[in-house]
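First up is the structure itself, then whatever we jot down about it.
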Amino acid sequence: MTNTEESIEHIIQSFIGAEPEQCDTIKNYLILAVNTSTAATEAAFLLYSRSRF
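Those letters in the sequence shown? Residues 474 to 526, by this note's numbering.
Set out below in structure tokens:
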């Protein structure tokens, strides 16, 4: 587990109050959301930059 994953797990346990077995599921959803958001931002930037030239 990376430091980022440990930090995410700590945040989930501390602030959300999730049980340890729930942390993996919540962590995976958070990572998926970040990856999706990043991909959407990159796609929007690509479309914007292509439309300008």
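All C-beta atoms in this analysis are idealised placements derived from N, C-alpha and C, irrespective of residue type, glycine included.
Please classify I481: is it buried, with 16 or more other beta-carbons within 10 angstroms of its beta-carbon, or exposed?
Against the sequence shown, residue 481 aligns to sequence position 8. Burial state of I481 is buried, judged by a 10 Å Cβ sphere holding 16 or more other Cβ atoms.
Buried/exposed call for I489, threshold 16 Cβ in 10 Å:
Numbered from its first residue, the sequence shown carries residue 489 at position 16. Answer is exposed; the Cβ neighbour count stays below 16.
Just the C-alpha distance for K500 and R523, rounded to the nearest angstrom, thanks.
Taking the sequence shown and counting its residues from 1, the one referred to as residue 500 is at position 27. Taking the sequence shown and counting its residues from 1, the one referred to as residue 523 is at position 50. Going by C-alpha positions, K500 is about 35 angstroms away from R523.
Within 10 angstroms of the Cβ of I504, are there 16 or more other Cβ atoms? Answer buried if so, exposed if not.
Taking the sequence shown and counting its residues from 1, one reaches residue 504 at position 31. It is exposed - the Cβ of I504 has fewer than 16 other Cβ atoms within 10 Å.
How many Å lie between A513 and P493 at the Cα?
Position 40 of the sequence shown holds residue 513. Position 20 of the sequence shown holds residue 493. Cα to Cα, the separation comes out at about 31 angstroms.
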